[in-house]
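Please read the structure below before turning to the comments.
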Amino acid sequence: MTAQRRAVVLMLDGLRRDFVTPALMPRLAAFREQASWCEQHRSVFPSVTRVVSSSVATGCRPSRHGLAGNTIAMAENGTLALFDAGKPEFITHKQRLTGAALAMPTLAERLAPLGGVVIYNNVSPGAAYLHDPLGHGHVYHRAGSFGPGREPITGEAALTIAGDLDGDAALVRRFVAEAIDEGRPALALAWLGHPDTTQHDCALGSPLHHDALRWADAYAGAVIDAVAAARRRGEDILLLIGSDHGHQTVSGVVDIAGELIEAGLKDAPDSTDVVVAPNGTAALIYVADGQQGRIKRLGTYLEGRPWVGRLIAPADFAEFGVPASEDLAFAVAMAADDEAVNEYGVPGLSLAAKPAGGKADRLGCGQHGGLGRYEQSPVLMLDGAGFAPGTTIAEATSAIDLAPTLLAFLGHPAAGLDGRPLQLRP
14 MTAQRRAVVL MLDGLRRDFV TPALMPRLAA FREQASWCEQ HRSVFPSVTR VVSSSVATGC
74 RPSRHGLAGN TIAMAENGTL ALFDAGKPEF ITHKQRLTGA ALAMPTLAER LAPLGGVVIY
134 NNVSPGAAYL HDPLGHGHVY HRAGSFGPGR EPITGEAALT IAGDLDGDAA LVRRFVAEAI
194 DEGRPALALA WLGHPDTTQH DCALGSPLHH DALRWADAYA GAVIDAVAAA RRRGEDILLL
254 IGSDHGHQTV SGVVDIAGEL IEAGLKDAPD STDVVVAPNG TAALIYVADG QQGRIKRLGT
314 YLEGRPWVGR LIAPADFAEF GVPASEDLAF AVAMAADDEA VNEYGVPGLS LAAKPAGGKA
374 DRLGCGQHGG LGRYEQSPVL MLDGAGFAPG TTIAEATSAI DLAPTLLAFL GHPAAGLDGR
434 PLQLRP
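Under the numbering used here, the first residue of the sequence shown carries the number 14, and numbering increases by one thereafter.
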């Protein structure tokens, strides 16, 4: 890696490819013409931010890095309990109960001796901290900012913003000033909360949604301009702009735990014999030690449910990248209709699993997690050495390809990852 070669990554959470149009997102549509556009880019399963963040950070599928969902179950004192991977304290719990936050090294760890990693993040705290759970670099988040060794960053240097569009704007201003214009980390990554947060609260295609897309596009434009200015100063920068997943419209909400209780497969709403971990338009179903006799009946029951789009049993975990564990019996991708449209004519409807902890899931709003066409249609554009301007990468790419692509550009070995450098594609 030369002293001037570095990478800049901008992630626009929840942006699906078909929304990148000149009318809605003119800066990104123009950037597409100067970059390589990945027309078959996919998320991982489940297509949720904390899992994708871990795959971006490690270059590995969930089966390798070990995080199975936004919400997972882990055994604590011999009893299954649900854990929200978005909470600030999740990494501590995961390390305590399993021995590691992630089972694979992150970009922050790999690049620490070679210029380091700086991350500005406005999604959930857990998703932010999973990029660097061991504290090799700098992570800025509204719930707490940390430097090397997880040393807290306080005062004016901390990131004190809201999780709204104004917060994204403030984050981009700091990211541009501190990580592009002034700082020289090997990797500078900004992960914005929108359009995802807006899409969870409104109909896709609505005026409110379109407004969020235009703001996100403007923020992307600021990063594009800053990188262009740095290049004029002689810097060799790879600019990657992408998203973690798309969105589908919620057409119905299914209380999976309630259905299992009614079928006699789970004892009570708070029982730990069978535990359901909702993940948007996906779910993970755990069976406690000593209750394995329920697994066959559970599988037979789930196979016949109209709300199950794809039932993933342990024999299929490797195919879908689901982490194997003693307690995880099934993963479910909820039923989706890729052809049906919502009230604004936006295609892609999905059933959603009723959220845990009393969280709302709004009918007619956006959601993700499963295998539907549009939740599995995130964005990836690459501009820099190794990528021809205005070209299309036609073969399938995935979130796991980001880390090896960045490592290859920076001259760092990328062996042993699940993804591959896109510069070296066939």
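We put the CB at the ideal spot given by N, CA and C, even for glycine.
Using CA coordinates, which residue listed in the options is at the minimum distance from residue i?
| i | options | result |
| --- | --- | --- |
| Arg186 | His207, Ala233, Ile166 | Ala233 |
| Thr211 | Leu226, Gly306, Gly150, Pro198 | Leu226 |
| Gln47 | Asp414, Glu408, Ala412, Phe400 | Phe400 |
| Gly266 | Leu362, Asp209, Trp228, Arg245 | Note that residue 266 is Val in the sequence shown here, rather than Gly. Of the listed residues, the one whose Cα sits closest to Val266 is Leu362. |
| Gly150 | Ala175, Leu120, Gly168 | Leu120 |
| Ala353 | Lys367, Gly385, Ile166 | Gly385 |
| Gly206 | Ala182, Ile193, Ala113 | Ala182 |
| Glu356 | Gly379, Val345, Ala369 | Gly379 |
| Glu122 | Ser137, Lys107, Val152 | Val152 |
| Asp249 | Pro59, Phe58, Gly397, Ala421 | Gly397 |
| Gly176 | Pro161, Ala125, Ala141 | Ala141 |
| Leu430 | Gln108, Tyr387, Met117 | Met117 |
| Gly129 | Ala296, Gly162, Gly312, Lys367 | Gly162 |
| Ala427 | Ala365, Ala113, Leu124 | Leu124 |
What does the alpha-carbon distance come out to for the pair residue i and residue j?
| i | j | result |
| --- | --- | --- |
| Tyr133 | Gln261 | 27 Å |
| Met14 | Leu423 | Unreliable placement is indicated for Met14, whose pLDDT of 42 sits below 50; the coordinate value is still reported in the next sentence. Taking the straight line from one Cα to the other gives about 5 Å. |
| Leu419 | Ala20 | 7 Å |
| Pro402 | Thr105 | 43 Å |
| Phe343 | Ala407 | 32 Å |
| Leu172 | Lys100 | 17 Å |
| Thr294 | Arg375 | 12 Å |
| Arg18 | Gly157 | 29 Å |
| Ala16 | Ala199 | Per-residue confidence for Ala16 stands at a pLDDT of 48, beneath the threshold of 50, marking its modelled position as unreliable; the derived number appears in the next sentence. For Ala16 and Ala199, the distance between alpha carbons rounds to 9 Å. |
| Arg63 | Asp26 | 11 Å |
| Leu37 | Ala242 | 25 Å |
| Ile166 | Gly277 | 51 Å |
| Phe159 | Pro282 | 38 Å |
| Ala192 | Arg45 | 23 Å |
| Ala201 | Ala190 | 12 Å |
| Ala239 | Ala203 | 13 Å |
| Ala88 | Ala412 | 29 Å |
| Val136 | Trp320 | 29 Å |
| Asp31 | Gln389 | 12 Å |
| Asp214 | Gly377 | 9 Å |
| Ile274 | Val345 | 17 Å |
| Ala421 | Leu435 | 9 Å |
| Ile237 | Val131 | 18 Å |
| Gln304 | Asp280 | 11 Å |
| Leu178 | Gly317 | 42 Å |
I believe residue i touches residue j by the beta-carbon criterion, under 8 Å. Please report the beta-carbon distance rounded to the nearest angstrom.
| i | j | result |
| --- | --- | --- |
| His425 | Leu127 | 6 Å |
| Asp230 | Leu41 | 5 Å |
| Gly82 | Val61 | 6 Å |
| Met347 | Gly306 | That belief does not hold up - the Cβ atoms of Met347 and Gly306 are roughly 26 Å apart, past 8 Å. |
| Gly196 | Arg155 | The pair is not a contact, with the Cβ atoms about 20 Å apart (cut-off 8 Å). |
| Ala369 | Thr84 | 6 Å |
| Pro59 | Gly383 | 7 Å |
| Ala301 | Thr285 | 6 Å |
Taking the DSSP output, what are the residues bridged to residue i?
| i | result |
| --- | --- |
| Asp350 | Leu362 |
| Glu332 | Note: Glu332 sits in no beta bridge, so no partner. |
| Met24 | Trp204, Gly255 |
| Phe159 | Val152, Pro165 |
| Thr418 | Answer by DSSP bridge pairing: none, since Thr418 is not bridged. |
| Met87 | Ala94 |
| Phe343 | Ile298 |
| Leu29 | A small correction: the amino acid at residue 29 is Arg; Leu does not occupy that position in the sequence shown. Answer is Pro391, bridged to Arg29. |
| Asn134 | Trp204 |
| Pro291 | Ala296 |
| Gln261 | Gln380 |
| Val445 | The chain is shown from 14 up to 439; residue 445 falls before or after that span and cannot be answered. |
| Cys51 | Ile406 |
| Arg323 | Ala346 |
Can you list, in chain order, the residues of its chain whose CB lies under 8 Å from that of residue i, leaving out five sequence neighbours each side?
| i | result |
| --- | --- |
| Leu115 | Ser67, Ala70, Thr71, His78, Gly79, Leu80, Leu143, Pro146 |
| Glu164 | Gly148 |
| Ser76 | Phe330, Ala331, Gly334, Val335, Pro336, Ala337 |
| Leu311 | Leu273, Leu278, Val287, Ile298, Val300, Ala342, Phe343 |
Using a Cβ-Cβ cutoff of less than 6 Å, which residues in the same chain neighbour residue i once the five nearest sequence positions on both sides are dropped?
| i | result |
| --- | --- |
| Tyr299 | Ala86, Leu93, Val288, Asp340, Leu341 |
| Leu253 | Val22, Leu395 |
| Thr405 | Trp50, Glu52 |
| Leu251 | Ala20, Gly397, Phe422 |
| Phe188 | Tyr133, Ala203 |
Here's a check: name, in chain order, each residue in its chain whose Cβ is nearer than 7 Å to the Cβ of residue i, leaving out the five neighbours to either side.
| i | result |
| --- | --- |
| Arg433 | Asp414, Pro417 |
| Ala409 | Gln53, Arg55 |
| Phe103 | Phe96, Asp97, Gly139 |
| Val359 | Leu217, Gly218, Thr262 |
| Ser256 | Met24, Leu25, Asp26, Gly27, Leu28, Pro391, Val392 |
| Thr34 | Ala42 |
| Val65 | Ser56, Val57, Asp257, His258, Ala412 |
Is residue i close to chain D, meaning its C-beta is less than 9 Å from at least one C-beta of that chain?
| i | result |
| --- | --- |
| Leu252 | Note that chain D does not occur in the displayed structure, where there is just one protein chain. |
Can you determine whether any heavy atom of the ligand HEM sits closer than 8 Å to the C-beta of residue i, and answer yes or no?
| i | result |
| --- | --- |
| Pro426 | With respect to small molecules bound, the structure shown includes none, and the ligand HEM cannot be examined in it. |
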